[in-house]
Amino acid sequence: MWEKKEKLQARDLALCQGLGGSIWNSLKGLSRTLGPFLIIPMILYRFIIAWRERQNRHLLYGKVVMVTGASSGIGEALAGEFYRAGCKVILAARRENELERVRKSILTSHCTLPAFPPVVLSLDLSDLNTLASKVDVAKCIHGRIDILVNNGGTSFRGQVCDTELDVDIKVLLVNYLGQVALTKAVLPVMLSQGEGHIVMVSSIQGRIAIPQRSCYAASKHALQAFSDCLRAEVEERNVKVTVVNPGYVHTNLSLNALTAKGSCHGVMDETTAEGMSPEEVAREIVAAVVMRKREVTVATFLPKVAVWIRTLFPSLYFYIMRNRAARLREKEEGLEKTFTINGIPS
């Protein structure tokens, strides 16, 4: 029985490896053959898109933009981009002192257009009962809300079997339910105005899931589904919905991530440290808003390929993720052995 099982596993592994090698060889062959014919149209396409985005950028001037998670990372960079585009920016997050720092920093940045000073709004996405009143305050500032950027959130590091249910609830509360509650509070404002734009800063993990990110990936998958439903329902009423799926971005997200026991991860992941800059991601997001894109993936080549592999070759994707999980377990076990010998810290 066991021999048969091992043979089946070996066969599956060989199939996955063979499929992966076949795909890779095909891609290499295509790139050599079609390279010049693909690169030139791609460059031309990107040039046209960049030109159109620059031509339409003036449409942002004077728009009221509410950015959550504006106290750091992508949110801070987004606030600066919208400010320099002539928007009336409302900075929203829990840490009011950090929002003040961001506000002062933005005011010192160079702006070629007449600028509107950003306004600080303290807001906690986990406190669902207060979000409607916070939206009322935001609306009173400039009389309307044109663009809502749902960027606030938290991350997670840990294995499913070790994770306390309270941690799952907390991540889903902030990353999904908080975004939904805020969106539902803003929607009537936009519908009464006759226009609006809701931007969901999700993650590449809203499209694929990787080991040790269970509740984070689940929250982003939920946000993707909610956004797709919302878009279908309100697009004809002139409310646009854009989902942004960033890959690895150099922010403090992994440092502040929750662990399986609910403590702070406190470690900068190597992939995060080598990720894209928040400013680069922010520019792509603003361009997506200007061009009214329904969805955009802001990531390097490999995460984008992973999404295609998950869609076209799921068996290969499952094999890759299983190996990744095994490597992570081995790494953790190695660290435990390094720091503990017979229960005594070394």
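Quick note, the sequence shown lines up with residues 1 to 346 if you use the UniProt record's numbering. Cβ atoms here follow ideal geometry from the backbone N, Cα and C, with glycine treated the same way.
Inset, instruction - Report the rounded CA-to-CA distance for glycine 73 versus leucine 230, giving the unit in angstroms. - result: For this step, residue 73 is matched to residue 73 along the sequence shown. For this step, residue 230 is matched to residue 230 along the sequence shown. Their Cα atoms are separated by approximately 26 Å.
Legend entry - Proximity to serine 254 [Cα-Cα], best of Ile145, Phe156 and Arg95: Walking along the sequence shown from the start, residue 254 turns up at place 254. Taking only the C-alpha atoms, the option nearest serine 254 is Phe156.
Inset, instruction - Verify whether the separation of the beta carbon atoms of valine 243 and methionine 276 is less than 8 Å. - result: Position 243 of the sequence shown holds residue 243. Position 276 of the sequence shown holds residue 276. Against a cut-off of 8 Å, the Cβ pair of methionine 276 and valine 243 comes out as no contact.
Inset, instruction - Could you name the residues of the same chain whose beta carbon sits closer than 7 Å to that of leucine 107, not counting the 5 residues immediately before and after it, in chain order? - result: The residue given as residue 107 occupies position 107 in the sequence shown. The residues are Pro117.
Legend entry - According to DSSP, residues forming a beta bridge with methionine 291: Locating residue 291 in the sequence shown gives position 291, where the first residue counts as 1. Looking at the DSSP output, methionine 291 bridges to nothing.
Legend entry - Contacts around glycine 86, its chain only, beta-carbon distance under 6 Å, and the 5 residues preceding and following it disregarded: The residue given as residue 86 occupies position 86 in the sequence shown. Cβ contact annotation for glycine 86 (same chain, cutoff 6 Å, sequence separation greater than five): Tyr61 and Leu113, in chain order.
Legend entry - Inter-residue spacing [alpha-carbon to alpha-carbon] between alanine 306 and glutamine 212: Taking the sequence shown and counting its residues from 1, the one referred to as residue 306 is at position 306. Taking the sequence shown and counting its residues from 1, the one referred to as residue 212 is at position 212. Distance from the CA atom of alanine 306 to the CA atom of glutamine 212, rounded to whole angstroms, is 17 Å.
Inset, instruction - Inspect the beta-carbon positions of leucine 182 and threonine 68 and report whether they are closer than 8 Å. - result: Taking the sequence shown and counting its residues from 1, the one referred to as residue 182 is at position 182. Taking the sequence shown and counting its residues from 1, the one referred to as residue 68 is at position 68. Cβ distance < 8 Å, so leucine 182 and threonine 68 count as in contact.
Inset, instruction - Provide the residue span of the alpha helix (DSSP H) that contains glycine 196, from first to last. - result: The sequence position of residue 196 within the sequence shown is 196, counting from 1. Careful: glycine 196 lies outside any alpha helix (DSSP H), inside the beta strand (DSSP E) at 196 to 201.
Inset, instruction - Look up leucine 91 in the DSSP assignment and give the residues it is bridged to. - result: By one-based count along the sequence shown, residue 91 stands at place 91. According to DSSP, residue pairing for leucine 91 in a beta bridge involves Val67 and Val120.
Legend entry - Beta-bridge pairing of arginine 157 - partner residues as DSSP gives them: Your numbering for residue 157 matches position 157 in the sequence shown. Within the DSSP bridge table, the entry for arginine 157 names Thr259 as partners.
Legend entry - Local Cβ density within 10 Å of arginine 237, reported as buried at 16 or more and exposed below that: The residue labelled residue 237 in the question sits at position 237 within the sequence shown. By the 10 Å Cβ count, arginine 237 comes out exposed.
Legend entry - Own chain partners of isoleucine 204 with C-beta closer than 6 Å, once the 5 adjacent residues on each side are dropped: Taking the sequence shown and counting its residues from 1, one reaches residue 204 at position 204. Asn245, Gly247, Ala299 and Pro303, listed in sequence order.
Inset, instruction - Kindly list the residues whose CB is nearer than 6 Å to the CB of lysine 240, restricted to its own chain and excluding five residues on each side of it in sequence; keep chain order. - result: Along the sequence shown, one-based indexing puts residue 240 at 240. These residues qualify, in order along the chain: His197 and Arg292.
Inset, instruction - Helix, strand or coil for valine 249, going by three-state DSSP, please let me know. - result: Along the sequence shown, read from residue 1 onward, the residue named residue 249 stands at position 249. Reduced to three states, the DSSP call for valine 249 is strand.
Inset, instruction - State buried or exposed for lysine 326, treating a residue as buried only when at least 16 other CB atoms are found within 10 Å of its CB. - result: Your numbering for residue 326 matches position 326 in the sequence shown. Just to set this straight, residue 326 is alanine in the shown sequence, not lysine. By the neighbour-count rule (16 or more Cβ atoms within 10 Å), alanine 326 is not buried but exposed.
Legend entry - C-beta atoms of valine 135 and alanine 93 nearer than 8 Å: Taking the first residue of the sequence shown as position 1, residue 135 is located at position 135. Taking the first residue of the sequence shown as position 1, residue 93 is located at position 93. Not a contact, by the Cβ cut-off of 8 Å.
Inset, instruction - Tell me whether isoleucine 147 sits in a helix, a strand or coil according to DSSP, three-state version. - result: As a position in the sequence shown, residue 147 is number 147, starting the count at 1. Looking at isoleucine 147 - three-state DSSP - the assignment turns out to be strand.
Inset, instruction - May I ask you to report which of helix, strand or coil DSSP gives valine 296? - result: Within the sequence shown, the letter at position 296 stands for residue 296. If DSSP states are grouped into helix, strand and coil, valine 296 belongs with the strands.
Legend entry - Secondary structure of arginine 207, DSSP reduced to three states: Counting from one through the sequence shown, the residue named residue 207 turns up at place 207. Three-state result, arginine 207: coil.
Legend entry - Bridge partners - cysteine 264, DSSP secondary structure assignment: Here residue 264 refers to the residue found at position 264 of the sequence shown. Answer by DSSP bridge pairing, in chain order: Leu258.
Legend entry - Simplified DSSP assignment, three categories, for tryptophan 24: Taking the sequence shown and counting its residues from 1, one reaches residue 24 at position 24. Because the pLDDT of tryptophan 24 is 49, which lies under 50, any placement of that residue in the model is unreliable, and the number read from its coordinates should be weighed accordingly. The three-state secondary structure of tryptophan 24, taken from DSSP, is helix.
Inset, instruction - On a CA-only basis, which of Glu76, Phe82 and Lys88 is nearest glutamate 100? Give me that one, please. - result: In the sequence shown, residue 100 corresponds to position 100, counting from 1. Glutamate 100 has its Cα closest to that of Glu76, out of Glu76, Phe82 and Lys88.
Legend entry - Nearest to leucine 165 (by Cα), restricted to the options Ile285, Glu235 and Gly262: Counting from 1 along the sequence shown, the entry for residue 165 is found at position 165. Nearest of Ile285, Glu235 and Gly262 to leucine 165, Cα basis: Gly262.
Inset, instruction - Using beta-carbon positions only, say whether valine 89 and alanine 79 come within less than 8 Å of one another. - result: Position 89 of the sequence shown holds residue 89. Position 79 of the sequence shown holds residue 79. Their beta carbons are under 8 Å apart, which means valine 89 touches alanine 79 by this criterion.
Inset, instruction - On the DSSP bridge assignment, give the partners of threonine 242 in chain order. - result: For this step, residue 242 is matched to residue 242 along the sequence shown. Val199.
Legend entry - Close-in-space but distant-in-sequence residues of the same chain around glutamate 295 (CB under 6 Å, 5 per side omitted): Along the sequence shown, read from residue 1 onward, the residue named residue 295 stands at position 295. Around glutamate 295: Val243.
Legend entry - Cα-Cα separation, leucine 312 to alanine 209: Numbered from its first residue, the sequence shown carries residue 312 at position 312. Numbered from its first residue, the sequence shown carries residue 209 at position 209. Rounded to the nearest angstrom, the two C-alpha atoms are 15 Å apart.
Legend entry - Other residues of its chain near alanine 288: CB distance less than 6 Å, five sequence neighbours each side excluded: The sequence position of residue 288 within the sequence shown is 288, counting from 1. Closer than 6 Å at Cβ, skipping near neighbours: Thr242 and Val296.
Legend entry - Run of the alpha helix (DSSP H) containing glutamine 212, from where it starts to where it stops: Against the sequence shown, residue 212 aligns to sequence position 212. No alpha helix (DSSP H) holds glutamine 212; DSSP gives it neither H nor E.
Inset, instruction - Determine the burial state of histidine 110: buried for a count of at least 16 other Cβ atoms within 10 Å of its Cβ, exposed for fewer. - result: Position 110 of the sequence shown, counted from the start, is the residue given in the question as residue 110. Result: exposed.
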